[in-house]
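Structure, rendered in structure tokens:
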């Protein structure tokens, strides 16, 4: 029988070269990250479930982890033909302490994003802002405990809400590049209200967290992260694929410790 430290070293080296696939099924699309150990190799977006089996075969994938906010993961296994998937659920052991009061109602993408921040900035207070269909704010303290945060409508939801819940306001699409302070027509006024409102919301929440927590890392991720990178007027770190990094970190945690 090998000494424990030799066995651990061998397992660590094997994990470092594993080819992993992280699958994030969000509200509007499937996003996949391919990794060699902890190193991200490739990100694929807008895949459908039928594509995934081919990716596993073509890329020589060893381990798979998946999270979903919209579908049941056991059904997902049947639909894709994939098996032995590590499923991120409220019951799965993860490398942070989850003190959220209702963990079974917590979106797993939120938890994965926080774990991505823990992997990148362990020992720091972290505020993770995920900008997709919704905008979520999640706080991880410098001891590795996840506390919760906030949920707000994303940019698209705000545009849709105005169009669907008023009689005359139009639905604006593809009009994010300009956000006048003073809208001089109806479309400009909608852009001003939605886009400037979101920016002010994000900046205000960041400032409130910074007043309360020292050494705070603010990480923006999600589908709209690049939009905010040059517009938010407070220091932030942009990590568009933080959720995938977090999922892979969970996978590596289980491979190394289980």
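Residue numbers (the numbering used here): 5 to 262. Just so it is clear, CB atoms sit at the ideal spot from N, CA and C, and this is done for glycine as well.
Discussion item. What would DSSP say about residue 28, mapped onto helix, strand or coil?
Written reply: strand
Worksheet item: Since residue 175 is in the alpha helix (DSSP H), which residue starts that stretch and which ends it?
Response: Run containing residue 175: none; DSSP gives neither H nor E here.
Worksheet item: Which one or two residues does DSSP pair with residue 157 in a beta bridge?
Response: 138
Discussion item. With the cut-off set at 8 Å, would you say residue 52 and residue 34 are in Cβ contact?
Written reply: yes
Worksheet entry | Close Cβ partners of residue 24 (< 6 Å) along its chain, the five nearest in sequence each way excluded | 39, 67, 252, 255
Item to complete: Name the two residues that bound the continuous alpha helix (DSSP H) containing residue 201.
Response: 201-216
Worksheet item: Of the residues 110, 85, 86, which one's Cα is nearest the Cα of residue 96?
Response: 110
Practice prompt. Under 6 Å Cβ to Cβ from residue 146, same chain only, skipping five residues before and after it: list those, please.
Written response: Cβ-Cβ distances below 6 Å link residue 146 to 127, 128, 129 in the same chain, with the five nearest sequence neighbours on each side left out; the list follows chain order.
Worksheet item: Using the C-alpha atoms, what's the distance from residue 30 back to residue 157?
Response: 15 Å
Worksheet item: Hey, out of 140, 167, 60, 44, whose CA is closest to residue 190's CA?
Response: 167
Worksheet item: Using the rule of at least 16 other Cβ atoms within 10 Å of the residue's Cβ for burial, across every protein chain shown, is residue 211 buried or exposed?
Response: exposed
Worksheet item: Identify the residues that DSSP records as bridge partners of residue 23: which are they?
Response: 40
Worksheet item: For residue 188, does the three-state DSSP call read helix, strand or coil?
Response: coil
Worksheet item: Between residue 143 and residue 155, what straight-line distance do the alpha-carbon atoms span, to the nearest angstrom?
Response: 12 Å
Practice prompt. Pull up the distance between the alpha-carbon of residue 177 and that of residue 221, whole angstroms please.
Written response: 32 Å
Item to complete: Check the DSSP bridge columns for residue 152 and list the partner residues they point to.
Response: 143
Discussion item. Counting C-beta neighbours from all protein chains within 10 Å, is the total for residue 169 16 or more, i.e. buried, or is it exposed?
Written reply: exposed
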